[in-house]
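Worksheet: the structure to be examined is printed underneath.
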Amino acid sequence: MRIGLISATEREIMPFIMSKMTVKVKEEEARLNFYSGFYEGIEVVAVFSGVCKVNAAIAAQILISKFQVTHLILTGVAGALNEKLNIGDIVIGNEIAYHDVAPGILTEYHPWMKDIYFRPDDKLFELCNKVADSLSLNCKCYTGRIITGEAFVTENERGALIERFNPLCVDMESASVAHVCYANRVPFLIIRSISDRADKTGA
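If you count the sequence shown from 1, you need to add 134 to reach our numbering.
Structure, rendered in structure tokens:
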């Protein structure tokens with residue numbers, strides 16, 4: 135087993151790389167730094183991809199093609215699109231979709247999906263929820279739908295996205311990583327922490 139870890143920004147993943155991983159080897163590929171090592175005896179390759187769909191997809195494909203990861207996990211922050219979520223709450227994605235791609239693109243063309251939603255690996259999803267339930271956290275953990283787009287959501291767009299997708303949160307990377315994993319038949323998991331409410335108060 136070799137786990138690939140992706141976050142969009144340095145501050146989301148470097149603390150884990152520097153304090154939790156051992157035997158770190160840094161390699162550069164496509165202007166990205168990939169850190170290989172171990173966590174709790176498991177091989178890990180970690181990278182911060184940069185923000186946006188294409189950057190995350192580049193990192194995911196390199197993890198799969200060059201580093202031959204067997205599973206891929208994306209972590210980082212997202213904006214809440216459900217009133218029950220508070221800052222710091224965690225979302226484990228059970229359905230992941232683009233909100234800025236026409237529905238027929240993914241079903242009528244490669245990768246010929248049955249619908250517009252990417253779904254995580256059942257075993258990873260179940261294990262993650264069990265671990266979350268066992269922890270004493272100062273926040274709440276939810277499972278639900280995550281949507282992804284190329285730009286920050288405006289206040290005017292927020293209502294339409296909620297009506298169309300009924301998502302828990304929105305970000306700029308999850309669907310692209312899920313897309314790459316789906317095409318390569320690599321099990322994946324998406325975990326997000328809420329940083330803002332994806333409205334005029336958001337970052």
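The beta-carbon is built from N, C-alpha and C at its ideal position, and this holds for glycine as well.
These figures come from a predicted structure and were not determined experimentally.
- P254 places its beta carbon 7 Å or farther from that of I281.
- For V179, the enclosing beta strand (DSSP E) starts and ends at I176 to F182.
- The Cβ-Cβ distance between V311 and G213 does not fall below 7 Å.
- With a threshold of 16 other beta carbon atoms within 10 Å, N189 meets it and is buried.
- M135 is positioned such that its CB atom lies no closer than 7 Å to that of T241.
- Bounds of any beta strand (DSSP E) do not take in S310; it lies within the alpha helix (DSSP H) bounded by S308 to N318.
- For A214, there is no enclosing alpha helix (DSSP H); the residue is found in the beta strand (DSSP E) stretching over H205 to A214.
- Annotation for D305: the continuous beta strand (DSSP E) segment containing it runs C303 to D305.
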